[in-house]
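> From first to last, the protein sequence lines stand for chains Z and S.
Counting in the numbering used here, the final residue of the first sequence is number 489, and the numbers go up one at a time with none missing.
Counting in the numbering used here, the final residue of the second sequence is number 97, and the numbers go up one at a time with none missing.
Backbone N, C-alpha and C fix where the C-beta goes; we use that ideal spot for every residue, glycine too.
My questions all concern the structure below.
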Amino acid sequence: MSSVDALHRESAVDLARACAAGERSARSIADAFLARAASVEPGLDAFLELDAARVRAQADAIDARRDRGETLGPLAGVPVAIKDLIAERDAPLTCGSRILENYVSPYDAHVIERLRAADAVLFGRTNLDEFAMGSTTETSAFKVTKNPWDPARFPGGSSGGSAVAVAARMAPLALGTETGGSIRQPASLCGVYGLKTTYGRVSRYGAAAYASSLDQIGPFATSAADLALLLGVIAGRDTRDSTSADEPVPDYAASLGQGVEGLRIGVPREFFGDGVDPEVRATVERAIETLRGLGAETRDVSLPHTEYGIPVYYLVATSEASSNLARYDGVHYTTRADAPDLEHLYTRSRGDGFGLEVKKRIMLGTFALSAGYYDAYYKKAQQVRTLIRRDFDAAFADVDVLVGPVAPAPAAPLGAVVDDALAMYMMDVLTVTANLAGICALSCPAGFTEGRLPIGVQLLAPPFAEPTLLRTAAAFEAATDYSREEPIA
Amino acid sequence: MVDPSVVDSVAALARLDLDPAQRERLISDLGKILAHIEMLDRVDTTDVPITSHPLDATDVDAADEPIASLPVAEGLRNAPDREGDLFRVPPVLGGDG
Numbered sequence: 001m002s003s004v005d006a007l008h009r010e011s012a013v014d015l016a017r018a019c020a021a022g023e024r025s026a027r028s029i030a031d032a033f034l035a036r037a038a039s040v041e042p043g044l045d046a047f048l049e050l051d052a053a054r055v056r057a058q059a060d061a062i063d064a065r066r067d068r069g070e071t072l073g074p075l076a077g078v079p080v081a082i083k084d085l086i087a088e089r090d091a092p093l094t095c096g097s098r099i100l101e102n103y104v105s106p107y108d109a110h111v112i113e114r115l116r117a118a119d120a121v122l123f124g125r126t127n128l129d130e131f132a133m134g135s136t137t138e139t140s141a142f143k144v145t146k147n148p149w150d151p152a153r154f155p156g157g158s159s160g161g162s163a164v165a166v167a168a169r170m171a172p173l174a175l176g177t178e179t180g181g182s183i184r185q186p187a188s189l190c191g192v193y194g195l196k197t198t199y200g201r202v203s204r205y206g207a208a209a210y211a212s213s214l215d216q217i218g219p220f221a222t223s224a225a226d227l228a229l230l231l232g233v234i235a236g237r238d239t240r241d242s243t244s245a246d247e248p249v250p251d252y253a254a255s256l257g258q259g260v261e262g263l264r265i266g267v268p269r270e271f272f273g274d275g276v277d278p279e280v281r282a283t284v285e286r287a288i289e290t291l292r293g294l295g296a297e298t299r300d301v302s303l304p305h306t307e308y309g310i311p312v313y314y315l316v317a318t319s320e321a322s323s324n325l326a327r328y329d330g331v332h333y334t335t336r337a338d339a340p341d342l343e344h345l346y347t348r349s350r351g352d353g354f355g356l357e358v359k360k361r362i363m364l365g366t367f368a369l370s371a372g373y374y375d376a377y378y379k380k381a382q383q384v385r386t387l388i389r390r391d392f393d394a395a396f397a398d399v400d401v402l403v404g405p406v407a408p409a410p411a412a413p414l415g416a417v418v419d420d421a422l423a424m425y426m427m428d429v430l431t432v433t434a435n436l437a438g439i440c441a442l443s444c445p446a447g448f449t450e451g452r453l454p455i456g457v458q459l460l461a462p463p464f465a466e467p468t469l470l471r472t473a474a475a476f477e478a479a480t481d482y483s484r485e486e487p488i489a
Numbered sequence: 001m002v003d004p005s006v007v008d009s010v011a012a013l014a015r016l017d018l019d020p021a022q023r024e025r026l027i028s029d030l031g032k033i034l035a036h037i038e039m040l041d042r043v044d045t046t047d048v049p050i051t052s053h054p055l056d057a058t059d060v061d062a063a064d065e066p067i068a069s070l071p072v073a074e075g076l077r078n079a080p081d082r083e084g085d086l087f088r089v090p091p092v093l094g095g096d097g
């Protein structure tokens, strides 16, 4: 057993086992991660809120249950950082927005209920792009989160706070959400594992909606085994989310040791276009060689509509957002501006409460759905979305998993793209198509640039084939050592 | 660039106040984004059905069983203004109410 000083380096699997067995108290685990956060968080700003008293109270309650002889759950005493888009009863829920600055959740999201039932310790509220609208975590109304490998660079987004919390070992696990790459892209840029779950795999009940035909909740971790552990806790049917799928939840841990011998891997040529940074390309090609060396078969495949992913995504997502964000109206639970009548209460409360990126997306969506433009924009995007799905269906007829880059480039300096209307959107070009098709996809640490910035490799698989992703990631992890490197000593 | 009058009418539809700097940014940014979106015109979508949702599942009726809902006090917990058990708003039609 390692010393308390190094406890923050232990895996979630080991921590849960040690806590359930009584070898470590939940309190000692919580204190170790709180101490770690106290040391590194001031330079990173991953958390919007981290209440040590609330953390310790949960840990003490878990210890008391064990002391009474109760059997603890699969995440016994394991801290899990939560993206501040997911409701946790009696905790703040800002979504990174001024309009929810004072909001306190009156109920738990489904995934939070699952975490509590598994004896996890909810470990703070992590920063995000406002309402998950951004790819750098710089559109948050409250703070800018820094990349732990180089604090002058962004961590990716929108779940940047969750990615950084795990990368800097302030929490062994975290939850994020994805609409167009918001877990995989920051996972890649921060050198951790991040999983975009199949649409319908995890209930969104209690997660603030951005684009309802795309949104999914998923885990961050520092190993495939830890990712599998958290996925197993949050996956499954919940009738309060009508899109929650009635699919059995497999034993994800059982897939980890299966190896990739005979696995058919497809390499989509459109994922290696001119816009992909040479170091990213070389890293992913090396990862493919590694998988081949482990016994996987590789073949070239084509996803011909990949280049249309960005326009389709930005029409579909913003159209749905323009409807979903209508609920923030100054009347029921948001901040409210002074106004002489109801009309001005709406326009001023929303005008004061939303930042520029959120306004831009509401405006684009409202425009795309407005009379005279609907067929040319929204309907057209939905049709091309069908073609993108068909591309994946055709590819998965011949292969088990697809491999490519996650983001076209490593983390760039803070401010480099957030003010450029299209540059930020183009960072999602290799991730949005998985959301549009509803499949599952994972980002796995695969190497570093010359300047020691992490690069992830993306694995994509058909709906509900998370075991295939985990099996592939675990085999790659066992053959490499990228995921064991830490940004901050 | 998009026509500034389009930005103004869409902002009105979306119930969004824009300050002058934001209005200028949106005129420019929405123009760039819409120009990029034009690339969809290259795709032949004749007879291609729409995808509004990635799941094959269709609607089913939930069992007609009462379940607990959020208590009124909890529902009003974050209200910016209230009167008793109601949300309070300024007059719908203007004036001093």
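1) Could you tell me if Tyr-199 of chain Z is buried or exposed, where buried requires 16 or more neighbouring beta carbons within 10 angstroms of its beta carbon?
2) Going along the chain, which residues of the segment 71–91 of chain S sit with their C-beta nearer than 8 Å to a C-beta in chain Z?
3) Consider the Cβ of Met-1 of chain S: report whether some Cβ of chain Z lies at a distance smaller than 8 Å.
4) Strictly below 8 Å CB to CB, what residues from chain S border Gly-498 of chain Z?
5) Counting Cβ pairs closer than 8 Å, one from the segment 309–324 of chain Z and one from the segment 274–290 of chain Z, do we hit at least three?
6) Between the C-alpha atoms of Gly-447 of chain Z and Asp-481 of chain Z, what's the straight-line distance to the nearest angstrom?
7) Using DSSP with H/G/I as helix, E/B as strand and the rest coil, what is Asn-147 of chain Z?
8) Under 8 Å between C-beta atoms, does Ala-68 of chain S make it to chain Z?
9) Quick one: using the 10 Å Cβ neighbour count with 16 as the cut-off for buried, is Tyr-374 of chain Z buried or exposed?
10) Counting Cβ pairs, one atom from each stretch, are 3 or more of them under 8 Å apart for the segment 426–434 of chain Z and the segment 399–415 of chain Z?
11) Of the choices Z:Val-80, Z:Thr-386, Z:Gly-415, whose alpha-carbon is the least far from that of Pro-54 of chain S?
12) Near Pro-462 of chain Z, which residues of its chain fall below 7 Å by C-beta distance, leaving aside the five closest residues on each side in sequence?
13) Please classify Glu-138 of chain Z: does DSSP put it in a helix, a strand, or coil?
14) Taking DSSP as the reference, what is the three-state secondary structure of Thr-197 of chain Z?
15) Rounding to the nearest angstrom, what Cα-Cα distance links Met-1 of chain S and Val-301 of chain Z in this structure?
16) Out of S:Leu-86, S:Arg-77, S:Ile-37, which one is the CA nearest neighbour of Asn-102 of chain Z?
17) How would you list, in chain order, the residues of chain Z whose beta-carbon sits under 8 Å from the beta-carbon of Asp-29 of chain S?
18) Within this structure, are the beta carbons of Ser-223 of chain Z and Glu-477 of chain Z separated by less than 8 Å?
19) What does Asp-17 of chain S reach in chain Z if we use C-beta pairs closer than 8 Å?
20) Which same chain residues end up closer than 6 Å to Ala-225 of chain Z when comparing Cβ atoms and leaving out the 5 residues on each side of it in sequence?
21) When you compare the CB of Asp-341 of chain Z with every CB in chain S, is at least one pair closer than 8 Å?
22) Which runs of the alpha helix (DSSP H) at least 4 residues long sit entirely within the segment 94–142 of chain Z? Give them in chain order.
23) For Lys-83 of chain Z, write down the residues that DSSP places opposite it in a beta bridge.
24) Please report how far the alpha carbon of Leu-470 of chain Z lies from the alpha carbon of Asp-352 of chain Z, in whole angstroms.
25) Check distances from the C-beta atoms of the segment 428–447 of chain Z to those of chain S and list, in chain order, the residues that come in under 7 Å.
26) Over the uninterrupted alpha helix (DSSP H) stretch that includes Ala-461 of chain Z, give me the two end residues.
27) List the whole-angstrom C-beta distance separating Ile-82 of chain Z from Thr-126 of chain Z, where the pair is believed to meet the contact cut-off of C-beta under 8 Å.
28) What are the boundary residues of the alpha helix (DSSP H) that Ala-441 of chain Z is part of?
29) Identify whether Gly-161 of chain Z lies in helix, strand or coil by the three-state DSSP scheme.
30) How about Ala-20 of chain Z and Ala-76 of chain Z: do their beta carbons lie closer than 8 Å?
31) Return the first residue and the last residue of the beta strand (DSSP E) that Val-267 of chain Z is part of.
32) Could you check how far apart the C-beta atoms of Pro-172 of chain Z and Ser-11 of chain Z are, in whole angstroms? I think they sit under 8 Å.
33) Let me know the secondary structure DSSP gives Glu-83 of chain S once reduced to three states.
34) From the beta carbon of Gln-458 of chain Z, is the nearest beta carbon of chain S less than 8 Å away?
35) Is it buried or exposed, Asp-512 of chain Z, if we count other Cβ atoms within 10 angstroms and call 16 or more buried?
36) Classify Asp-56 of chain S: buried if its beta carbon has 16 or more other beta carbons within 10 angstroms, exposed otherwise.
Straight from the coordinates:
1) Residue 199 of chain Z sits at position 199 when you count from the first residue of the first sequence. Flag for Tyr-199 of chain Z reads buried.
2) Glu-74, Gly-75, Arg-77, Asn-78, Ala-79, Pro-80, Asp-81, Phe-87, Val-89, Pro-90, Pro-91
3) Walking along the second sequence from the start, residue 1 of chain S turns up at place 1. False, the Cβ-Cβ gap to chain Z never drops below 8 Å.
4) Outside the displayed span of chain Z (1 to 489) sits residue 498 of chain Z, for which this structure offers no information.
5) no
6) Looking up residue 447 of chain Z in the first sequence gives position 447. Looking up residue 481 of chain Z in the first sequence gives position 481. Cα-Cα distance, rounded: 9 Å.
7) Indexing the first sequence from 1 puts residue 147 of chain Z at position 147. Strand, per DSSP.
8) If you number the second sequence from 1, residue 68 of chain S lands on position 68. It does not; no Cβ of chain Z falls within 8 Å.
9) Within the first sequence, the letter at position 374 stands for residue 374 of chain Z. It counts as exposed.
10) yes
11) Taking the first residue of the second sequence as position 1, residue 54 of chain S is located at position 54. Nearest option by C-alpha distance: Z:Thr-386.
12) Residue 462 of chain Z sits at position 462 when you count from the first residue of the first sequence. Excluding residues within five positions, the ones whose Cβ falls inside 7 Å are Phe-396, Ile-439.
13) For the purposes of this step, residue 138 of chain Z is taken as residue 138 along the first sequence, with counting starting at 1. The answer is coil: DSSP assigns Glu-138 of chain Z none of H, G, I, E or B.
14) Here the question's residue 197 of chain Z lines up with position 197 in the first sequence. Residue state, collapsed to three classes: coil.
15) Locating residue 1 of chain S in the second sequence gives position 1, counting from the first residue. Locating residue 301 of chain Z in the first sequence gives position 301, counting from the first residue. Roughly 38 Å between the two C-alpha positions.
16) Counting from one through the first sequence, the residue named residue 102 of chain Z turns up at place 102. Answer by Cα proximity: S:Arg-77.
17) Translated into positions along the second sequence, residue 29 of chain S becomes position 29. Chain Z residues near Asp-29 of chain S: Lys-360, Ala-421.
18) For the purposes of this step, residue 223 of chain Z is identified with residue 223 of the first sequence, where counting begins at 1. For the purposes of this step, residue 477 of chain Z is identified with residue 477 of the first sequence, where counting begins at 1. Yes, Cβ-Cβ distance for Ser-223 of chain Z and Glu-477 of chain Z is below 8 Å.
19) As a position in the second sequence, residue 17 of chain S is number 17, starting the count at 1. Within chain Z, the residues near Asp-17 of chain S are Thr-347, Arg-348, Arg-350, Gly-351, Asp-352.
20) Against the first sequence, residue 225 of chain Z aligns to sequence position 225. Val-13, Leu-256.
21) Numbered from 1 along the first sequence, position 341 holds the residue referred to as residue 341 of chain Z. Chain S, which has a Cβ nearer than 8 Å to the Cβ of Asp-341 of chain Z, makes this yes.
22) 110–117
23) As a working mapping, residue 83 of chain Z is identified with position 83 in the first sequence. Partner(s): Z:Thr-126.
24) For the purposes of this step, residue 470 of chain Z is taken as the residue at position 470 of the first sequence. For the purposes of this step, residue 352 of chain Z is taken as the residue at position 352 of the first sequence. If I take the Cα positions, the gap works out to 44 Å.
25) Ala-437, Gly-438
26) On the first sequence, residue 461 of chain Z is found 461 positions in, with the first residue counted as 1. Not the alpha helix (DSSP H): Ala-461 of chain Z falls in the beta strand (DSSP E), residues 454–461.
27) By one-based count along the first sequence, residue 82 of chain Z stands at place 82. By one-based count along the first sequence, residue 126 of chain Z stands at place 126. Correct: roughly 7 Å between the Cβ atoms.
28) In the first sequence, residue 441 of chain Z corresponds to position 441, counting from 1. Where Ala-441 of chain Z is concerned, there is no enclosing alpha helix (DSSP H), although the beta strand (DSSP E) it sits in stretches over 440–448.
29) On the first sequence, residue 161 of chain Z is found 161 positions in, with the first residue counted as 1. Here Gly-161 of chain Z sits in helix by DSSP.
30) Translated into positions along the first sequence, residue 20 of chain Z becomes position 20. Translated into positions along the first sequence, residue 76 of chain Z becomes position 76. Their beta carbons are under 8 Å apart, which means Ala-20 of chain Z touches Ala-76 of chain Z by this criterion.
31) For the purposes of this step, residue 267 of chain Z is taken as residue 267 along the first sequence, with counting starting at 1. It spans 264–268 - the beta strand (DSSP E) in which Val-267 of chain Z sits, taken as one unbroken run.
32) Here the question's residue 172 of chain Z lines up with position 172 in the first sequence. Here the question's residue 11 of chain Z lines up with position 11 in the first sequence. Going by Cβ atoms, the distance from Pro-172 of chain Z to Ser-11 of chain Z rounds to 7 Å, so yes, they are a contact pair.
33) Here residue 83 of chain S refers to the residue found at position 83 when the second sequence is read from its first residue. Strand, per DSSP.
34) Here the question's residue 458 of chain Z lines up with position 458 in the first sequence. Cβ-Cβ to chain S under 8 Å: no for Gln-458 of chain Z.
35) Residue 512 of chain Z lies beyond the range of chain Z shown here (1 to 489); nothing can be said about it.
36) The count along the second sequence starts at 1 and reaches residue 56 of chain S at position 56. Its Cβ having fewer than 16 others within 10 Å, Asp-56 of chain S is exposed.
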